[in-house]
Amino acid sequence: MSAATIPASDLVRRRSEVPRTAFHLLAKPTGAICNLDCSYCFFLSKERLYPESSFRMSDELLDAYLTQYLESQWGPEITVAWQGGEPTIMGLDFFRRAVAMAEAKKRPGTRLAHTLQTNGTLLDEAWCDFLREHRFLVGLSLDGPRALHDACRVDKGGHPTFDKVMRALRLLQAHEVEINVLTTVHAANADHPLEVYRFLRDDARARYMQLIPIVERDNDTGFQEGTELTSRSVGADQYGRFLTAIFDEWVRRDVGTVFVQQFDVALASWAGEPHGLCVHSETCGAALALEHNGDLYSCDHFVEPAHRLGNIRDRHMSVLASSERQRDFGRAKRDSLPRACRECEYRFACHGGCPKDRVARASDGEPGLNHLCAGYLRFFRHIDPTMRRMVQLLRSGDAPARVMFERAGRNDPCPCRSGKKHKHCHGR
Ligand code: SF4
Ligand code: SF4
Numbered sequence: 135m136s137a138a139t140i141p142a143s144d145l146v147r148r149r150s151e152v153p154r155t156a157f158h159l160l161a162k163p164t165g166a167i168c169n170l171d172c173s174y175c176f177f178l179s180k181e182r183l184y185p186e187s188s189f190r191m192s193d194e195l196l197d198a199y200l201t202q203y204l205e206s207q208w209g210p211e212i213t214v215a216w217q218g219g220e221p222t223i224m225g226l227d228f229f230r231r232a233v234a235m236a237e238a239k240k241r242p243g244t245r246l247a248h249t250l251q252t253n254g255t256l257l258d259e260a261w262c263d264f265l266r267e268h269r270f271l272v273g274l275s276l277d278g279p280r281a282l283h284d285a286c287r288v289d290k291g292g293h294p295t296f297d298k299v300m301r302a303l304r305l306l307q308a309h310e311v312e313i314n315v316l317t318t319v320h321a322a323n324a325d326h327p328l329e330v331y332r333f334l335r336d337d338a339r340a341r342y343m344q345l346i347p348i349v350e351r352d353n354d355t356g357f358q359e360g361t362e363l364t365s366r367s368v369g370a371d372q373y374g375r376f377l378t379a380i381f382d383e384w385v386r387r388d389v390g391t392v393f394v395q396q397f398d399v400a401l402a403s404w405a406g407e408p409h410g411l412c413v414h415s416e417t418c419g420a421a422l423a424l425e426h427n428g429d430l431y432s433c434d435h436f437v438e439p440a441h442r443l444g445n446i447r448d449r450h451m452s453v454l455a456s457s458e459r460q461r462d463f464g465r466a467k468r469d470s471l472p473r474a475c476r477e478c479e480y481r482f483a484c485h486g487g488c489p490k491d492r493v494a495r496a497s498d499g500e501p502g503l504n505h506l507c508a509g510y511l512r513f514f515r516h517i518d519p520t521m522r523r524m525v526q527l528l529r530s531g532d533a534p535a536r537v538m539f540e541r542a543g544r545n546d547p548c549p550c551r552s553g554k555k556h557k558h559c560h561g562r
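Mapping to our numbering: the sequence shown position 62 is 196, numbers consecutive.
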């Protein structure tokens, strides 16, 4: 049944009846379909969920999605987020229609923030003109310099993709499109933190970065089942060493000019401020995923039958998002914490990490500990004094970036970027 033929009585149509639950949505117009074949991609196996599907969001569903989504959101700024698979496979015209529809449907006085996560390989001038015109924030996947990127990010023929992604990056930059570089941290690049970071900062000229750990279950279903992990997954301590090495470089020279999501989130946690990253929030469940056919799932990482909330053709997404089932999903993140986490001194910053990664056992044998725990602990212990100092600076009205002058070594470049050594400049 198409959205256009849904009896009005089946949907909560009137705005006054739409539950006011704050949530964010990642829409997947091509479902799991992607033009690449990255070895660690958790989403490619989801193709099997819809064996007969064309994997294209219809215009009717697009209309229903945007109508319901914009009815559900109440802030002055509403984020409309596209993800995949690879969403650009839908073609530029689909997104032109989507933006036009969303702009026409939004409430007066609200502003739309459009985001697109892409591997970049299909972007061209026309795409970049469009992305710039509508001020999209583009999440571009780039795993580091050529060899480290190409270790996993290959196309269907197994060919490397580095050159295509760098071409897209330069094109986006030439068009002044805002970019957030998404770098997955996996077995192949995790032992090269500075090589990755310096490449992203100096060659890719990325100002916003996310360093996302790959923790991938090893099973035949592709669902979050079992406790075995693939050999591509990043090791716990390896991830901790990766983050701390980058943090040490960042804190000596890049505070305030390079924004690494993990460090921003940590600072917010130490300052007792909200940060919005579900992985390190006490509860979750406010970031849902919409499949190409209208199926709504609890989370992008749980697109599997047990976490399908329903279809937005049948029930308003706001009703599904505020359902008891979804609230249980979000609360389970907190309520299922093992004792090791409940008693952990860094619980305030970690909250046990993402439930999808909780495949390990604590030292007392209790299951449900995050695979990355040892890495998180290493990272949190390492940054603790610096975070405390940055919070102190913030509270006294100083710029946290001042910490660079306190942390830079005498032979490091001076954080003021004079080009001199610190000891011959501000470190004198
Ligand atoms: S399951 Fe993980 S990724 Fe999904 S919303 Fe919860 S913390 Fe976030
Ligand atoms: S650092 Fe480890 S023990 Fe502490 S909250 Fe995180 S996962 Fe739990």
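Don't be surprised by glycine CBs; every beta carbon is placed ideally from N, CA and C.
Neighbour-count burial assignment, residue i, 16 or more Cβ in a 10 Å radius
i, result
"Leu328", "exposed"
"Tyr222", "In the sequence under discussion, the amino acid at residue 222 is Thr, which differs from the Tyr named in the question. When all chains shown are included, Thr222 counts as buried."
"Gly291", "exposed"
"Gly356", "buried"
"Asp258", "exposed"
"Arg241", "exposed"
"Arg562", "exposed"
"Thr318", "buried"
"Phe573", "Only positions 135 to 562 of the chain appear in this structure, which leaves residue 573 out of reach."
"Arg515", "exposed"
"Pro472", "buried"
"His426", "buried"
"Trp216", "buried"
"Gly543", "exposed"
"His293", "exposed"
"Arg541", "buried"
"Ala234", "exposed"
CB of residue i within 9 Å of CB of residue j, strictly
i, j, result
"Val399", "Leu411", "yes"
"His556", "Asp546", "yes"
"Ser187", "Ser452", "no"
"Glu312", "Arg280", "no"
"Glu362", "Asp371", "no"
"Leu276", "Ala324", "no"
"Cys418", "Cys475", "no"
"Pro163", "Val389", "no"
"Ala232", "Leu274", "no"
"Leu422", "Leu246", "no"
"Glu438", "Leu183", "yes"
"Asn169", "Thr255", "yes"
"Val392", "Arg341", "yes"
"Gly374", "Leu511", "yes"
"Asp491", "His505", "yes"
"Val299", "Met343", "no"
"Glu211", "Thr252", "no"
"Ala236", "Leu271", "no"
Spatial neighbours of residue i in its chain, beta-carbon cut-off 6 Å, leaving aside the 5 residues before and after
i, result
"Ser367", "Ile348, Val349, Glu350"
"Glu416", "Arg468, His485"
"Phe296", "Arg280, His283, Asp284"
"Asp382", "none"
"Arg442", "Asp429, Tyr431"
"Pro501", "Arg495"
"Lys554", "Cys548"
Length of the line joining the Cα atoms of residue i and residue j
i, j, result
"Ala321", "Met524", "32 Å"
"Ala166", "Asp448", "22 Å"
"Gly428", "Ile446", "5 Å"
"Glu479", "Arg387", "29 Å"
"Ala161", "His414", "23 Å"
"Asp171", "Asp336", "28 Å"
"Phe333", "Ser456", "42 Å"
"Phe463", "Met224", "31 Å"
"Phe229", "Thr244", "20 Å"
"Pro534", "Leu528", "6 Å"
"Leu196", "His450", "14 Å"
"Ser530", "Pro408", "20 Å"
"Ala238", "Glu181", "32 Å"
"Leu305", "Val330", "21 Å"
"Leu424", "Phe539", "46 Å"
"Phe157", "Gly209", "11 Å"
"Asp498", "His560", "50 Å"
"Glu194", "Ala483", "42 Å"
Contact set for residue i: own chain, Cβ-Cβ below 7 Å, skip 5 residues either direction
i, result
"Gln396", "Leu345, Leu377"
"Leu226", "Ala260, Trp261, Phe264"
"Met521", "Ala400, Leu401, Trp404"
"Cys507", "Ala370, Ala494"
"Arg481", "Cys475"
"Arg459", "Leu443"
"Tyr174", "Cys286, Thr318, His320, Ile348, Glu350, Arg366"
8 Å CB neighbourhood of residue i in its chain, flanking five on each side removed
i, result
"Arg536", "Leu527"
"His326", "Gly278, Leu282"
CB contact below 9 Å: residue i versus chain D
i, result
"Arg459", "Note that chain D does not occur in the displayed structure, where there is just one protein chain."
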